[in-house]
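Numbering (my numbering), first residue to last: 28 to 304. C-beta atoms are modelled at their ideal positions from N, C-alpha and C, and glycine is treated no differently. Shown next, in structure tokens, is the structure this report addresses.
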């Protein structure tokens, strides 16, 4: 039977196999005693200082197969990752009135809700891990047709580099309101929309770095006769973070969790099978 402990690295083997270790002299050891801790150098060791063996993970969290080696935990935090991709999943209400007016300058006023129909926001991250609030504004231009505008920390993102807001794209829906159609070839899925996020000042009054080539996937948008609703918004950037916790999953993967909310594998415990034991 198993007993619960307070040790985050304590493990138990359910079935056959042995933990593999190497002592400081390089001698191999095998044990089913799963009491482990982290030494001052970051190695996972038993109470006698012998190091637990397994497969390490690279900087991307991908396990590197090969000969088992001492598992060492990261002591530094995780670096920030700039946002490259955004995915929107939402419904635009087909019953809403057209708000686009070709004779109006500017075409949209982000401070005037009468000039657009709906808006939603997502926080993205620059190369330093600083937060940028990216807001999308949806303006009905005609039946089944919508202009999409974007602003970073309140600053309009203009594909033509002008001062007044311009659409980053225009999307068209089929008559049944399902996924947007490709205007070039309706048989193809909607192309990704790419744009550059300019340098701005965020709400902490900090200057943010430009974010080039952000791609937004709007292929899962719909236009049904139902109220505007956002079901999912995702992006792949994150801020820097410090190591918060280490835990071992049932498959032996050692997972590091950071203050930024990210979790990444740092290795996997490898069990040894010994014949006739």
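In the structure shown, the three-state DSSP call for residue 226 is coil. From the listed residues 62, 102, 279 and 209, the smallest Cα separation to residue 90 is found for 279. Separation of residue 41 and residue 64 (C-alpha to C-alpha, rounded to the nearest whole angstrom) is 20 Å. Straight-line measurement puts the Cα of residue 254 at about 21 Å from the Cα of residue 208. About 7 Å separates the Cβ atoms of residue 147 and residue 117, confirming a contact at the 8 Å cut-off. Taking C-beta separations shorter than 8 Å and ignoring five residues to either side along the sequence, the partners of residue 133 in its chain run 191 and 192, following chain order.
By the Cβ test, the stretch 219-232 is not in contact with the stretch 257-264, since fewer than three Cβ pairs between them sit closer than 8 Å.
Checking the DSSP bridge columns, you'll see residue 283 partnered with 273 and 291.
Exclusion of the five residues before and after residue 84 leaves 90, 292, 293 and 294 as the residues of its chain whose Cβ lies within less than 6 Å of its Cβ. The beta-carbon separation of residue 248 and residue 115, rounded to 6 Å, stays under the 8 Å limit for a contact. Excluding sequence positions up to five before and after residue 285, its CB lies within less than 7 Å of the CB of 104, 105, 268, 269, 270 and 271, all in the same chain and listed in chain order. Bounds of the beta strand (DSSP E) holding residue 78 are 78-83.
Linking residue 76 to residue 56 through their CA atoms gives a straight-line distance of about 12 Å. Residue 165 and residue 138 do not touch by the CB rule: their CB atoms are close to 16 Å apart, not below 8 Å. Ranked by Cα distance from residue 160, the options 167, 154, 140 and 182 are led by 182.
Proximity to residue 298 across 112, 96 and 206 peaks at 96, based on C-alpha coordinates. Only buried fits residue 198, as 16 or more other CB atoms lie within 10 angstroms of its CB. Separation of residue 98 and residue 53 (C-alpha to C-alpha, rounded to the nearest whole angstrom) is 14 Å. Taken through DSSP and simplified to helix, strand or coil, residue 300 comes out as coil. Looking at the DSSP output, residue 244 sits in a beta bridge with 114.
With respect to the C-alpha of residue 244, the residue from 236, 281 and 196 having the closest C-alpha is 196. Here residue 184 is buried: its Cβ has 16 or more other Cβ atoms, across all protein chains shown, within 10 Å. Linking residue 36 to residue 110 through their CA atoms gives a straight-line distance of about 33 Å. When the Cα atoms are used, residue 80 and residue 48 turn out to be separated by approximately 5 Å.
If you draw a straight line from the Cα of residue 169 to the Cα of residue 187, it is about 23 Å long. Taking a C-beta distance under 8 Å as the contact criterion, residue 189 and residue 250 do not qualify as a contact pair.
Judged by DSSP in its simplified three-state form, residue 178 adopts strand. In terms of Cα proximity to residue 38, the closest of 229, 301, 217 and 273 is 273.
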